[in-house]
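Working notes, beginning with the structure itself.
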Amino acid sequence: MRRSEVKLATVLTLFLITLGIFVATHRFVAAWDSPSLRYRIRLAAGCLTLAWVPTEDRWPTWSPRDRDYIGQPGLRVWTHTWSWITYWVPRARLARDYHRWIDIPLWIPVVSFFAWLSVLWRASSRRKYRRRRGLCIKCGYELTGNVSGVCPECGTHT
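Numbering (numbering that gives the first Met the number 0), first residue to last: 0 to 157.
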């Protein structure tokens, strides 16, 4: 396999994994409580929820199954009824007297990750193209006949 095919296969694999996680969050709930029981990370309904409480006695419950695990730190996974409810915009509750939470829809980190990946991929492709054509890898100046090893345009060593 060529290098570009490996990159494409890697991107497609990452995309399928994230799509699988997104679909799975509509059927399963995963929650992690800190040992101090003041922080919770929850993955459900296409959202990553970060929650924290000012005191231990006022912890939020999101589902009847969630109530069974109050006061037990660690990671838990359980099923719930299939839900197509997906939050498309971030939500937050930052009240002073009760629990605080922030919902981050999963599409936001996924899209930002793939945008970052495409920028890196394009930059490396541009450098390889310029190197093969005999151009300066930084500015694209044609270096045919240049024996000094330095680009006269930008001063980059070739």
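Even for Gly, the Cβ is constructed at its ideal location relative to N, Cα and C.
DSSP places Val110 in no beta strand (DSSP E) but in the uninterrupted alpha helix (DSSP H) bounded by 106-132. In this chain, the beta strand (DSSP E) harbouring Cys46 covers 46-51. Remark: fewer than three beta-carbon pairs, one from each stretch, lie closer than 8 Å, so the region 6-17 and the region 35-52 are not flagged as touching.
In the three-state DSSP reduction, Leu142 falls in the coil class, being neither helix nor strand. Listed as beta-bridge partners of Ile101 by DSSP are Leu49, Ala91. Closest by C-alpha distance to Ala30, out of Arg39, Leu116, Val22, is Arg39. For Gly19, the closest of Gly45, Ser111, Cys135 by C-alpha to C-alpha distance is Gly45. With 16 or more neighbouring CB atoms inside 10 Å of its own CB, Cys135 falls in the buried class.
Following the DSSP letters along the chain, one finds Thr78 inside the beta strand (DSSP E) bounded by residues 73-78. Leu142 places its beta carbon 7 Å or farther from that of Ile103. Straight-line spacing of the CA atoms in Asp32 and Arg41 works out to 9 Å. For Ser124 and His25, the gap between their C-alpha atoms comes out near 37 Å. Cα atoms of Phe14 and Phe112: separation of roughly 10 Å, rounded to the nearest angstrom. DSSP places Arg1 in the coil class of the three-state scheme, outside both helix and strand.
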